[in-house]
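As given, the protein sequences belong to chains A and B, one line each in that order.
Throughout, the numbering used here is defined as the position within the first sequence, counted from one, plus 6.
Throughout, the numbering used here is defined as the position within the second sequence, counted from one, plus 6.
Every residue, glycine too, gets a C-beta built ideally from N, C-alpha and C.
Note sheet for the following structure.
Protein chains: 2
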Amino acid sequence: MKDLSRIRRAGLEQKVMTADEAALLFSHQMVVGASGFTKAGDSKEVLKALARRAKNETLQVTLITGASLGHDTDARLAEANALYKRMPFQVDRVLREKINKGNILFTDQHLSETAELIHGYLPYIDLAVIEAAYIEEDGSIVPTTSVGNSVSFAATAKKVIIEINTAVPCEIYGLHDIFLQENYPHRNFIPIISAEVRVGRKSIALDPEKIAAIVFTHQTDSPADIAPPDAKTTAIAAHLINFFENEVKTGRLTDRLLPLQAGIGKVANAVLAGLEKGNFYDLSMYSEVLQDSTFDLIDSGKLRFASASSITVSESCYKRIFDNLDTYREKIVLRPQNISNAPGLIRRLGIIAINTAIEFDIYGNVNSTHIAGTHIMNGIGGSGDFARNAYLSIFVTQAASKEDKISHLLPMVSHVDHNEHDVDVLVTDFGLADLRGLAPRERALLIINNCAHPDYKQELLSYFERACELRQGQTPHILEEAFSWHTRLRETGTMKRI
Amino acid sequence: MKDLSRIRRAGLEQKVMTADEAALLFSHQMVVGASGFTKAGDSKEVLKALARRAKNETLQVTLITGASLGHDTDARLAEANALYKRMPFQVDRVLREKINKGNILFTDQHLSETAELIHGYLPYIDLAVIEAAYIEEDGSIVPTTSVGNSVSFAATAKKVIIEINTAVPCEIYGLHDIFLQENYPHRNFIPIISAEVRVGRKSIALDPEKIAAIVFTHQTDSPADIAPPDAKTTAIAAHLINFFENEVKTGRLTDRLLPLQAGIGKVANAVLAGLEKGNFYDLSMYSEVLQDSTFDLIDSGKLRFASASSITVSESCYKRIFDNLDTYREKIVLRPQNISNAPGLIRRLGIIAINTAIEFDIYGNVNSTHIAGTHIMNGIGGSGDFARNAYLSIFVTQAASKEDKISHLLPMVSHVDHNEHDVDVLVTDFGLADLRGLAPRERALLIINNCAHPDYKQELLSYFERACELRQGQTPHILEEAFSWHTRLRETGTMKRI
């Protein structure tokens with residue numbers, strides 16, 4: 007496990023230590039940057055050792071990552087009271103509960119913007135923990151299955167702990183495109199004009215003087231939970247594929263579509279599986295995460311190239327990638343998240359962005375983050391970077407859930423992450439609403455008629471009609487009634503009138 | 007007035023006609039594109055003639071402009087029932103009333119995105135009306151005081167009416183930077199790396215075959231309403247200048263700041279006047295509109311260069327600009343609005359964006375468009391393009407108005423245009439809240455303590471504390487009470503408990 011050939015910079019071997027020894031480098035109130043994006047390329051040892059240490063003393067840090075961590079690391083840190091503040095994203099049940107109780111602060115941030123904060127106005131990162139495949143002769147580091155914010159952490163952190171993961175083959179070299187944006191006011195353009203264009207180096211620059219510790223580990227990433235498609239996700243995917251086919255027919259898109267972004271989860275997998283069967287070819291992705299379905303689509307010959315910031319796949323897919331790195335190295339690239347999610351690139355490439363909503367309303371506003379406007383689920387992630395600037399901004403959700411006691415289409419969403427100006431297409435298992443160019447009153451009728459669950463359609467129509475009558479306006483609302491469905495759910499356990 | 011030397015393309019003189027003759031080119035249900043952005047460079051004759059014609063027959067069009075029109079044109083069109091749908095922005099009282107009654111549809115759109123729709127999936131523009139200073143030998147047109155969406159209209163409209171405005175000197179040539187983005191998937195990067203970089207041509211390409219009519223006019227733009235600074239705007243500007251000075255002290259900004267964007271109005275003018283007095287120099291603007299204060303700041307030597315999509319100034323400033331075009335041509339540039347508001351350029355340049363809110367809430371969500379969540383004022387304009395992607399996204403508003411019966415800081419905004427993820431700094435006449443990196447519970451206390459009007463502070467604190475107690479959560483809210491201030495205002499005429 008302690009493979010010193012992975013430290014190619016002379017003199018750095020003396021920095022090798024155990025995770026528990028490295029954990030002594032943390033101190034109370036530090037700002038810590040850590041690699042890891044959608045459970046990929048995260049610290050496997052050092053953050054857990056930090057949690058162990060924090061159990062026995064007052065030791066709370068602000069932890070900034072790429073996105074979510076695997077291996078229950080966030081849960082362990084939360085349980086050990088090791089977190090004062092967490093940003094920019096998380097998906098952990100234990101951590102979420104502490105955040106919602108107000109015990110841990112959570113700054114929920116557009117994933118492209120964290121690097122801006124790090125280089126701009128946050129306190130500098132005191133200590134970074136970055137997973138690497140190996141350290142180069144020049145002291146630069148070759149990352150593993152994600153890039154996330156590691157480039158910014160390496161550039162700005164006062165000290166860095168490297169976790170060398172020997173479970174990742176050294177042949178991963180060449181999979182990454184490492185590009186560091188200049189600081190203001192000297193920033194240049196990023197010359198990426200299609201998903202496969204590489205503009206950077208293959209390893210992350212790091213001043214070897216900043217390396218405070220090197221810890222070895224040999225653990226794969228937490229595998230993705232791949233749920234098989236069900237009737238609802240299949241229906242949503244079918245509506246979307248049908249929509250794309252129609253866009254091709256009308257000439258607004260070609261059968262190569264435009265670069266795809268797909269959020270994590272069942273629906274994205276179902277849509278990509280649908281594209282495998284459809285009459286599309288020479289497709290590309292410019293996304294945040296590469297999932298199992300991405301690799302299936304590559305293997306099918308339909309997907310030319312996929313760019314993202316991480317690889318989050320099942321155990322078998324993980325093995326398939328590492329066994330075929332020479333092939334996939336020509337087909338995929340991993341970039342820093344401020345490049346994968348860069349607003350200008352998303353607009354320039356003309357992305358088709360498909361993301362999941364918690365709920366949306368009759369005017370097309372989308373809530374991606376909060377239950378009942380109050381309790382956070384995961385965070386906005388990259389959905390805002392993509393939705394605002396995409397060529398097509400698509401949100402999907404099931405029309406109703408929990409034995410249909412909850413409608414996901416509401417008079418008004420309880421929290422707005424993507425507003426009416428940012429949403430082009432809404433899809434539920436019942437149908438699709440194409441909102442492009444429509445005014446709010448047109449949107450309302452289309453959304454209710456095409457997307458509502460039948461049990462809720464009449465009451466949604468009634469709300470809209472009464473709002474038009476009573477209050478008029480560009481966006482008719484009866485404010486004192488707008489959240490009544492949420493209130494009814496809280497009080498009676500269902501959104502239905504009993 | 008009919009100055010044929012302004013038609014330099016041979017053969018086009020035969021297209022000269024009166025506005026009423028040109029108005030016969032419109033037909034029912036057409037999609038019309040018209041120049042004009044913040045009342046500058048708009049059609050002075052033809053759209054009014056369309057309104058006259060529509061009074062006597064069924065003639066309704068979808069009217070797409072750059073932004074707002076001057077000379078009561080929107081009012082005349084609305085009164086004549088000439089509008090089926092209007093987009094992407096308006097500021098007219100009569101039109102607004104018809105929109106809010108549901109008589110005219112209004113698609114309220116990010117100003118950078120209208121061009122995307124025009125080139126992408128809207129029905130093609132049937133007829134465009136574009137104000138020009140003159141027509142070049144090659145048939146291209148030299149625009150006047152705005153560029154707006156005219157480049158996209160000229161490129162995609164089936165037919166074009168040119169309004170030559172002889173009140174604009176031909177010497178305006180060279181003031182514009184005309185850049186047409188390639189259509190997807192062939193789009194390249196826009197190599198603008200600072201406000202003064204020019205990347206395009208000096209006139210708008212137009213196939214002379216598409217010119218259906220040329221109408222002469224001799225009218226200046228509607229002058230900007232310049233309200234003198236009052237105690238509130240002066241206080242807001244002072245808080246902001248103080249903030250900038252502190253950013254310089256801490257080293258996060260230099261005394262050149264970063265390129266400024268400022269929304270239209272009193273506050274923007276007060277801030278720019280404040281910068282004239284402060285210890286800043288070599289400033290630049292990358293904005294939507296150049297106002298009187300911009301030219302004062304240029305003349306003071308503090309502002310190196312200003313880029314925008316239009317010039318909207320007082321009568322005297324208008325004259326000053328035209329009398330000194332040789333000087334200002336080196337100091338300002340007018341661009342298409344999808345370039346002035348391009349998300350990627352806003353991020354790349356590191357814009358400091360200052361925009362006005364109607365109301366904001368204790369968590370930093372901003373409403374820029376709707377009164378009581380229902381009735382539209384103007385529209386989102388470019389504020390979303392800038393707020394999402396700026397280095398610093400600042401929103402300003404008075405803490406209270408109408409004899410303090412209305413608080414502009416609320417438990418929850420009634421409509422969200424800019425959400426908590428997009429807002430860095432909030433300012434009222436009472437103070438400034440710097441929200442960067444903060445979690446919602448931190449933001450709430452800071453916003454209430456720094457920005458609230460004293461009459462409302464206790465009740466805002468009480469709402470926040472009760473919400474934390476009763477509902478907990480990342481963003482504590484009592485949904486059934488969240489809009490109670492709006493309801494109280496509607497029922498009793500004040501937000502105060504009586």
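Beta-carbon within less than 8 Å of residue 36 of chain B's beta-carbon, same chain only, minus the 5 sequence neighbours each way: which residues are those?
67, 68, 132 and 133
Rounded to whole angstroms, what is the Cα-Cα separation between residue 47 of chain A and residue 271 of chain B?
49 Å
Using a Cβ-Cβ cut-off of 9 Å, state whether residue 420 of chain A counts as contacting chain B.
yes
Separation of residue 293 of chain A from residue 281 of chain A, as counted between CA atoms:
16 Å
Per DSSP, which one or two residues make a beta bridge with residue 342 of chain A?
A:154
Runs of 3 residues minimum, wholly inside the segment 211-278 of chain B: which ones carry the beta strand (DSSP E) assignment?
217-223 and 266-268
From residue 121 of chain B to residue 439 of chain B, what distance separates their C-alpha atoms?
35 Å
Span separating the alpha-carbon of residue 92 of chain B from that of residue 110 of chain B
7 Å
Any beta carbon of chain B sitting closer than 9 Å to that of residue 93 of chain A?
yes
List, in order along the chain, the chain A residues whose C-beta lies closer than 9 Å to that of residue 108 of chain B?
447, 474, 478, 479, 480 and 482
For the candidate residues B:296, B:489 and B:177, whose alpha-carbon lies nearest to that of residue 332 of chain B?
B:177
Determine the closest residue to residue 75 of chain B out of B:44, B:54 and B:100, with distance taken between C-alpha atoms.
B:44
Hey, residue 161 of chain B and residue 186 of chain B: beta-carbon distance below 9 Å or not?
yes
So, does the CB of residue 294 of chain A fall closer than 9 Å to a CB anywhere in chain B?
no
Below 8 Å, can you find three or more Cβ-Cβ pairs linking the segment 147-157 of chain A to the segment 54-64 of chain A?
no
Can you check the segment 88-130 of chain A for any alpha helix (DSSP H) of at least 4 residues that lies completely inside it and give the ranges in chain order?
99-106 and 120-125
Check the C-beta distance from residue 341 of chain B over to residue 144 of chain B and give it rounded, since I have them as a contact under 8 Å.
Actually they are not in contact, since the Cβ atoms of residue 341 of chain B and residue 144 of chain B sit about 21 Å apart, beyond 8 Å.
Which residues of chain A have a Cβ atom closer than 9 Å to the Cβ of residue 425 of chain B, listed in chain order?
386, 390, 421, 422, 423, 424 and 425
Going by other Cβ atoms of all chains shown within 10 Å of its Cβ, with 16 needed for buried, is residue 468 of chain B buried or exposed?
exposed
Just to confirm, are residue 373 of chain A and residue 420 of chain A a CB contact at a threshold of 9 Å?
yes
Cβ of residue 115 of chain A within 9 Å of any chain B Cβ
yes
Going by C-alpha distance, which of B:209, B:114 and B:423 is nearest residue 179 of chain B?
B:209
Looking only at its own chain, which residues have a Cβ that is under 8 Å from the Cβ of residue 7 of chain A, when we skip the five neighbours before and after it?
172, 222, 223 and 224
Give me the Cβ distance between residue 136 of chain A and residue 345 of chain A, rounded to the nearest whole Å; I'm assuming they're in contact under 8 Å.
At roughly 17 Å, the Cβ-Cβ gap does not stay under 8 Å, so residue 136 of chain A and residue 345 of chain A are not in contact.
Between the C-alpha atoms of residue 18 of chain A and residue 169 of chain A, what's the straight-line distance to the nearest angstrom?
13 Å
So with CB distances below 9 Å, who are the chain A contacts of residue 378 of chain B?
477, 479, 483 and 485
Nearest neighbour of residue 310 of chain B, chosen from B:486, B:32 and B:202 [CA to CA]:
B:202
What would DSSP say about residue 310 of chain B, mapped onto helix, strand or coil?
strand
How far does the beta strand (DSSP E) with residue 401 of chain B in it reach, from first residue to last?
398-402
Contact set for residue 273 of chain B: own chain, Cβ-Cβ below 8 Å, skip 5 residues either direction:
239, 242, 243, 360, 362 and 402
Taking Cβ-Cβ distances below 7 Å as the criterion, which residues of the segment 258-280 of chain A are in contact with chain B?
258 and 264
Taking a contact to mean a Cβ-Cβ separation below 9 Å, would you say residue 175 of chain A touches residue 321 of chain A in this structure?
no
Nearest to residue 25 of chain B (by Cα), restricted to the options B:56, B:42, B:14 and B:9:
B:56
Thinking C-alpha only, which one of A:461, A:437 and A:482 is nearest residue 470 of chain A?
A:482
Would residue 285 of chain A be called buried (16 or more neighbouring beta carbons within 10 Å of its own) or exposed?
exposed
Segment contact, 8 Å Cβ cut-off, at least three pairs: the segment 374-385 of chain B with the segment 406-415 of chain B:
no
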